[in-house]
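Working notes for the structure below.
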Amino acid sequence: MTLVQLKHFLDLASTGSFSKSAEKLFLTQPALSRSIKSLEDELGQPLFDRVGRKNELTAFGKHILLQAKDLLAAAQHLKHSSQELLSGQTGQVKLGLGSGPGALWMTPLLTHMATEFPQARLDIARGATPMLVQQLRDRTLDALILDIRSLSPANDLQVEPLCELPGAFMCRKGHPLAKLKSVRLEQVCAYPVASTPLSDEVARVLIERYGPQAHPDQMVKLRCEEISSLLDVARSTQTVVVAVRALAPDLVELKMSPPLNANARFGWVTLKSRTESPLARLLFQAARSMLERGRQ
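The numbering of the sequence shown is the working numbering, which starts it at 982 and goes up by one.
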């Protein structure tokens, strides 16, 4: 039994004429007859009685007609739903955001979804990279946006670069270091230094630039996953924060000697074994556009 056979059956039930239905369906009469006969053979009962020049539904046919209409309506609804899913108009994405991406783009992503895809659903989870990656592997999250420097290489993960944003040592206006033309790490370490947990790669960069005293375990005195809280501390105290520059345009970037010259590398992380939903791909494209604008 096929949907095509059911369509043939419904049309013949409507016209009562093989010739009219065949013409409407762009079939020959023998082809339509074979389609109806095959359906009758599969169902085990005649669907039509020949009454004069007209074909009328049998009692069995009338019963089947109602179910056939429901099946075709359900098939049409399924097709319509798939089109909505493909266009992103419906669906759900569960997205994990690292600290930097969360602070920079959580609100823009939520706003984008609310305006462009108001019937779709976006659930955002925040947390440390290892926790988010485990949730991705557990399939409770569909995708992640992370600083991929914090991501351990793994064969089961697919990483698509989004963009790079420069990092900086920053402090509030009026800070004793803010007006200096050149700032050494020893001067920075005279004050509390704050950051989110830094990757081993970033730690190596810091040590290469400024020596062993720049290791995060030694240099950083205030550490948490929520960069927004650390930035607030830097705005109200003498704390120096190490973070992506774009996170806090109101803070002063210190003129480090030598320059930091280190970037956060943001990427879209998914499972290689999992087929991505159309809505997730549309969200990726939106995130990439936002990240590109944030870099400018």
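Ideal Cβ positions, reconstructed from N, Cα and C, are used throughout, including at glycine.
Following the continuous beta strand (DSSP E) through residue i, name the residue where it begins and the one where it ends.
{"i": "Ala1149", "result": "Leu1138 to Cys1152"}
{"i": "Ser1176", "result": "Val1174 to Ser1176"}
{"i": "Val1222", "result": "Val1221 to Val1225"}
Could you tell me if residue i is buried or exposed, where buried requires 16 or more neighbouring beta carbons within 10 angstroms of its beta carbon?
{"i": "Leu1156", "result": "Note that residue 1156 is His in the sequence shown here, rather than Leu. Classification for His1156: buried."}
{"i": "Asp1137", "result": "exposed"}
{"i": "Met1112", "result": "exposed"}
{"i": "Phe1098", "result": "buried"}
{"i": "Leu1241", "result": "buried"}
{"i": "Leu1263", "result": "buried"}
{"i": "Ala1195", "result": "buried"}
{"i": "Val1032", "result": "exposed"}
Determine the extent of the alpha helix (DSSP H) in which residue i is found, giving its start and end residues.
{"i": "Arg1118", "result": "Thr1110 to Arg1118"}
{"i": "Val1214", "result": "Ile1208 to Ser1217"}
{"i": "Ala1012", "result": "Gln1010 to Leu1024"}
{"i": "His1156", "result": "Element bounds for His1156: n/a, residue is neither H nor E."}
{"i": "Ala1184", "result": "Asp1181 to Tyr1191"}
{"i": "His989", "result": "Leu984 to Thr996"}
{"i": "Ala1095", "result": "Ser1080 to Glu1097"}
{"i": "Ser1258", "result": "That residue, Ser1258, is in no alpha helix (DSSP H); it is neither H nor E in DSSP."}
{"i": "Phe999", "result": "Phe999 to Lys1005"}
Just to check my reading of the structure: residue i and residue j have Cβ atoms closer than 8 Å, yes? What is that Cβ distance to the nearest angstrom?
{"i": "Leu1146", "j": "Val1225", "result": "5 Å"}
{"i": "Ala1268", "j": "Asp1128", "result": "Rounded, the Cβ-Cβ distance is 14 Å, inconsistent with contact."}
{"i": "Ser1258", "j": "Gly1072", "result": "6 Å"}
{"i": "Met1151", "j": "Leu1232", "result": "4 Å"}
{"i": "Phe1041", "j": "Leu1020", "result": "The Cβ separation is near 12 Å, so there is no contact."}
{"i": "Met1237", "j": "Val1164", "result": "5 Å"}
{"i": "Ala1056", "j": "Leu984", "result": "6 Å"}
{"i": "Val1183", "j": "Ala1243", "result": "6 Å"}
DSSP puts residue i in a beta bridge; with which residues?
{"i": "Asn1036", "result": "Arg1031"}
{"i": "Phe1247", "result": "Asp1128 and Cys1144"}
{"i": "Asp1281", "result": "Nothing about residue 1281 can be read from this structure; the chain reaches only from 982 to 1277."}
{"i": "Met1237", "result": "Val1164"}
{"i": "Arg1204", "result": "Ser1176"}
{"i": "Leu1252", "result": "Leu1138"}
Of all the options the options, which has the alpha carbon lying nearest to the alpha carbon of residue i?
{"i": "Ala1149", "options": "Gly1079, Glu1234 and Ala1171", "result": "Glu1234"}
{"i": "Leu1047", "options": "Leu987, Trp1086 and Arg1153", "result": "Leu987"}
{"i": "Ala1175", "options": "Leu1187, Glu1167, Ser1210 and Lys1162", "result": "Ser1210"}
{"i": "Asp992", "options": "Leu1076, Lys1050, Met982 and Thr1039", "result": "Lys1050"}
{"i": "Ile1105", "options": "Leu1122, Val1114 and His1093", "result": "Leu1122"}
{"i": "Thr1039", "options": "Phe990, Gln1199, Ala1195 and Lys1253", "result": "Phe990"}
{"i": "Glu1207", "options": "Arg1107, Met1094, Gly1025 and Lys1075", "result": "Arg1107"}
{"i": "Pro1142", "options": "Thr1009, Trp1249, Val1214 and His1058", "result": "Trp1249"}
{"i": "Thr1110", "options": "Thr1088, Ala1171 and Cys1205", "result": "Cys1205"}
{"i": "Gln1350", "options": "Lys1018, Thr1096 and Phe999", "result": "The question about residue 1350 has no answer here: the residues shown for the chain are numbered 982 through 1277."}
{"i": "Cys1170", "options": "Ser995, Ala1229, Met1200 and Glu1189", "result": "Met1200"}
{"i": "Ala994", "options": "Leu1024, Gly1025 and Ile1045", "result": "Ile1045"}
{"i": "Asn1036", "options": "Ala1012, Thr996, Leu1008 and Leu1013", "result": "Thr996"}
Indicate whether at least one CB of chain B lies closer than 8 Å to the CB of residue i.
{"i": "Leu1052", "result": "This model lacks chain B altogether; it includes just one protein chain."}
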